[in-house]
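Novice:
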Amino acid sequence: MTAALAGSVLAGQTGTAAAATPRAPVVFVHGYLGSGVIWEPAKSAFEKAGYDKSELFTYSYDFNVSNRTTAQGLADFVDKVKRDTGAKKVDIVNHSMGGMVTMWYIKQLGGTANVGRVASLAGAHHGTKVSALCTVMSPSCKEMTPARSSSAA
């Protein structure tokens, strides 16, 4: 699956036009209870598909805080990646709650200007009923309930 994902992000980046246009860096965003380390196999697949390590970034965050706070952190992280690489936009690959964080960033914090493509793996864009099991745990989990998540997605 990660090879297919790398291929889909690479799609449209072949031939002469690709040589003239630098490829967007990729930012990986984990889900609830996750950490950046879960993306290591995906990053390896991207490298096998032609990406350089200097084009791959992992945004890690504390999943116990509000998704709005995490989305602002993602905005700051994307700004840093753009500054460090000279890129105009980044591509984002996310999983589960990382999808909600990404969509909040794009829709509420002006991320559209900074993001080229998004690939979401089981993104909780409209929440998840499973969140009812963890609503006492953290604000971010409460925000994954379908009724609350609709404002972000």
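Residue numbers for the sequence shown, in mature numbering (1 follows the signal peptide of the UniProt record, and there is no 0): -19 to -1, 1 to 134. C-beta: ideal position from N, C-alpha, C; glycine also.
#1: Output yes if chain C places a C-beta closer than 8 Å to the C-beta of LEU102; else output no.
#2: What is the C-beta distance between GLU36 and VAL7, in whole angstroms, given that I count them as a contact (C-beta under 8 Å)?
#3: Please classify VAL18 as buried or exposed, where buried requires at least 16 other C-beta atoms within 10 Å of its C-beta.
#4: Give the straight-line distance between the Cα atoms of MET78 and ASP72, rounded to the nearest whole angstrom.
#5: Suppose contacts are defined by Cβ-Cβ distances below 8 Å. Is LEU14 in contact with PHE44 by that definition?
#6: Straight-line CA distance for LYS70 to ALA100?
#7: In the DSSP assignment, find the alpha helix (DSSP H) that holds TYR86 and state where it starts and stops.
#8: Can you tell me which of VAL62, ALA56 and ARG4 puts its alpha carbon nearest to the alpha carbon of ALA93?
Specialist: Quick look at the numbers:
#1: The structure shown has no chain C; it contains just one protein chain.
#2: 6 Å
#3: exposed
#4: 17 Å
#5: yes
#6: 14 Å
#7: 78 to 89
#8: It is worth fixing the name first, because residue 93 is Thr in this sequence and not Ala. Comparing Cα positions, the closest option is ALA56.
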